[in-house]
Amino acid sequence: MPRNPDLEVNAQRLALWNTAGRRRQSFRDLHNIQRRGLGFRAAEVLALRHAENAMLAQRPGLARLLAAPEFCALVIVKDDRIVLERHAADFAADRLHSMQSITKTFVHLALGRLVAAGAVDPARAVGDYVPEAGEAYAGARLQQVLDMDVASNFAEDYAAPYAPAPARGEPVGYARQEIAMGWRLPPAGEAEFGVRSFAAGLTAAPRGDDRATRYASPNTDMLGWVIERASGRPLAAHVEEIVAEAGLEAVFHVSADCDGVPVLSGGGVMTARDLARYGLLLARRGGAFLADAMSGAGTHYGGAPGLRYRNHLMSNGTWAGHPGYGGQFLMVDPQRRAAAAFFSVLETAYGERDGYFAEIIAALADALNHLA
Numbered sequence: 001m002p003r004n005p006d007l008e009v010n011a012q013r014l015a016l017w018n019t020a021g022r023r024r025q026s027f028r029d030l031h032n033i034q035r036r037g038l039g040f041r042a043a044e045v046l047a048l049r050h051a052e053n054a055m056l057a058q059r060p061g062l063a064r065l066l067a068a069p070e071f072c073a074l075v076i077v078k079d080d081r082i083v084l085e086r087h088a089a090d091f092a093a094d095r096l097h098s099m100q101s102i103t104k105t106f107v108h109l110a111l112g113r114l115v116a117a118g119a120v121d122p123a124r125a126v127g128d129y130v131p132e133a134g135e136a137y138a139g140a141r142l143q144q145v146l147d148m149d150v151a152s153n154f155a156e157d158y159a160a161p162y163a164p165a166p167a168r169g170e171p172v173g174y175a176r177q178e179i180a181m182g183w184r185l186p187p188a189g190e191a192e193f194g195v196r197s198f199a200a201g202l203t204a205a206p207r208g209d210d211r212a213t214r215y216a217s218p219n220t221d222m223l224g225w226v227i228e229r230a231s232g233r234p235l236a237a238h239v240e241e242i243v244a245e246a247g248l249e250a251v252f253h254v255s256a257d258c259d260g261v262p263v264l265s266g267g268g269v270m271t272a273r274d275l276a277r278y279g280l281l282l283a284r285r286g287g288a289f290l291a292d293a294m295s296g297a298g299t300h301y302g303g304a305p306g307l308r309y310r311n312h313l314m315s316n317g318t319w320a321g322h323p324g325y326g327g328q329f330l331m332v333d334p335q336r337r338a339a340a341a342f343f344s345v346l347e348t349a350y351g352e353r354d355g356y357f358a359e360i361i362a363a364l365a366d367a368l369n370h371l372a
């Protein structure tokens with residue numbers, strides 16, 4: 001029986017659905033491409049009314065983004081108002097789109113609530129909550145994992161080999177993570193594995209003192225395991241609770257691994273309007289966990305000046321948010337009770353372009369600064 005061609009790997013070491021010529025469409029269909037998935041829908045929808053501020057679209061940085069071929073959708077909201085909404089000609093308001101790593105912010109919300117309730121202490125070791133966490137994580141403090149401050153043999157390298165399976169301690173790239181996520185097939189003859197066993201199999205590496213963000217998607221999967229153990233509830237129950245509180249209108253789809261675990265490291269799929277609603281929840285939740293994320297603590301995140309990565313959010317002290325592979329960004333301004341949700345797709349070989357996220361960040365921050 002032939003293997004699924006979408007999930008096979010090409011000479012560039014990418015799953016075929018994620019190749020440059022197919023990526024734009026695939027990001028809209030990821031919930032149909034992934035091997036397994038879960039769906040959640042809120043019982044009550046957060047109503048949003050249109051009160052457009054067309055002048056925002058004329059801000060130079062935003063105007064450039066909206067006119068670029070990569071652009072898919074932008075929704076900016078304040079309180080219960082949509083102040084700007086734009087879609088590309090091949091997109092629509094009810095169209096789903098992959099959030100990629102913006103999904104990681106679910107961990108901020110779920111774990112923040114547990115920290116506030118005293119059920120989790122970020123100063124404790126991961127192994128206190130998940131004894132089988134493995135060499136890279138068992139002795140790491142939870143705060144280190146939250147801040148992407150863990151050194152392991154994993155590298156978020158999209159071009160890394162995925163076959164053969166590396167021996168223990170050898171470098172492991174993102175291609176292996178995608179097997180665990182259900183986004184590509186394992187090499188022929190190799191058994192499938194889930195995100196938790198993958199993270200637990202990583203080994204420790206020396207950590208320098210530069211305090212730079214060591215971005216690694218398995219960190220998020222390990223935190224999801226901690227959430228489940230510390231709360232005594234399935235991770236999916238936390239996802240469902242967040243979807244309900246955000247008042248999402250459409251179905252929220254999220255990838256699931258071969259063990260049925262929601263893949264919060266990057267598996268979320270939403271409409272742009274729902275991503276804006278979700279951003280408003282981040283702003284509403286607030287509290288000490290968000291304040292700490294915006295305090296200037298954490299690791300130094302590259303790509304734009306003054307950015308820190310803390311509590312599974314990026315922040316410059318005024319806004320908080322998160323990028324997603326290929327051109328996605330969610331930015332939240334708690335003081336203004338506002339959020340900007342941005343979808344785009346870079347059709348370069350590996351979905352990256354120097355300076356692109358810095359351009360998005362500058363444009364979205366400028367737009368939020370000019371809200372009435």
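Residue numbers (UniProt numbering): 1 to 372.
The C-beta atom is built at its ideal place from N, Cα and C for all residues, glycine as well.
Treat the numbers as computed from the prediction; the structure is a model and nothing was measured.
From the options, residue whose alpha carbon lies closest to that of residue i
i: E192; options: G327, C258, T103 and I360; result: C258
i: G134; options: L202, A73 and E70; result: L202
i: L46; options: E8, A250 and M55; result: A250
i: V254; options: R184, S98 and M294; result: S98
i: V145; options: Y215, Q335, V263 and A320; result: Y215
i: D147; options: P234, N18, T220 and D6; result: T220
i: L223; options: L111, A92, E352 and P60; result: L111
i: R113; options: N10, A230 and Q100; result: A230
i: Y278; options: L84, G287, V239 and M294; result: V239
i: A365; options: Q143, G321 and M294; result: G321
i: A212; options: M314, H87, A372 and A167; result: M314
i: M294; options: M331, L264 and D274; result: M331
i: V172; options: D149, A199 and P187; result: A199
i: A372; options: G169, R81, W225 and D149; result: R81
i: G247; options: A20, E170, G355 and L275; result: L275
Residues that residue i bridges to, as DSSP identifies them
i: residue 384; result: Residue 384 lies beyond the residue range present for the chain, which begins at 1 and ends at 372; the question has no answer from this structure.
i: P323; result: F329
i: K78; result: R81 and A338
i: M148; result: Bridge partners of M148: none, in fact.
i: Y309; result: T299 and M314
i: H50; result: I82
i: R141; result: A125
i: A293; result: Looking at the DSSP assignment, A293 forms no beta bridge with any residue, so it has no partner.
i: Q100; result: G268
i: S231; result: S231 is not bridged to any residue.
i: G38; result: Per the sequence shown, the amino acid found at residue 38 is Leu instead of Gly. L38 is bridged to V254.
i: S344; result: F71
i: G173; result: A155
i: P262; result: A256
CB contact flag (residue i, residue j, <8 Å)
i: V195; j: A42; result: no
i: A339; j: L280; result: yes
i: T299; j: Y309; result: yes
i: G182; j: R36; result: yes
i: L65; j: I360; result: yes
i: P323; j: F357; result: yes
i: P262; j: L38; result: yes
i: V75; j: A341; result: yes
i: R233; j: V9; result: no
i: F252; j: F40; result: yes
i: A20; j: T348; result: yes
6 Å CB neighbourhood of residue i in its chain, flanking five on each side removed
i: L62; result: A363 and A367
i: residue 373; result: Nothing can be reported for residue 373: it is not among the residues displayed for the chain, which extend from 1 to 372.
Neighbourhood of residue i by C-beta, 8 Å cutoff - its chain only, sequence neighbours within 5 removed
i: R141; result: P122, A123, R124, A125 and V126
i: R22; result: L16
i: D94; result: A250 and T271
i: P131; result: A138
i: D292; result: R310 and N311
i: R337; result: K78, D79, L280, A283 and R284
i: N369; result: none
i: D210; result: H300
i: L7; result: A15, L16, W17, I33, R35, W183, R184 and L185
i: Y350; result: Q12, L14, Y158 and A159
Cut-off 7 Å between Cβ atoms - residues of its own chain near residue i, not counting five sequence neighbours on either side
i: V345; result: R23, R24, F27, E70, C72, G326 and G327
i: F343; result: C72, A73, H97, A272 and Q328
i: residue 416; result: The first residue shown for the chain is 1 and the last is 372, placing residue 416 beyond what the model contains.
i: A151; result: A204, A205, P206, R207 and R214
i: residue 413; result: Given that the chain is displayed from residue 1 to residue 372, the structure contains no residue 413 and the question cannot be resolved.
i: E245; result: L281
i: A236; result: L38 and P262
i: Q143; result: P122 and A123
i: G286; result: P334
i: E352; result: L346
i: P5; result: L16
Cβ of residue i within 8 Å of any chain D Cβ
i: V83; result: In summary, chain D is missing from the structure at hand, where a single protein chain is found.
- Message: When you compare the stretch 109–128 with the stretch 163–183, are there three or more beta-carbon pairs, one atom per stretch, that lie closer than 8 Å?
- Response: no
- Query: If we count Cβ pairs, one from each stretch, closer than 8 Å, do we get three or more for the stretch 46–63 versus the stretch 18–33?
  - Reply: no
- Message: Under 8 Å: do the stretch 150–159 and the stretch 108–119 share three or more Cβ pairs, one atom per stretch?
- Response: no
- Contact between the stretch 96–113 and the stretch 254–270: three or more CB pairs below 8 Å? yes
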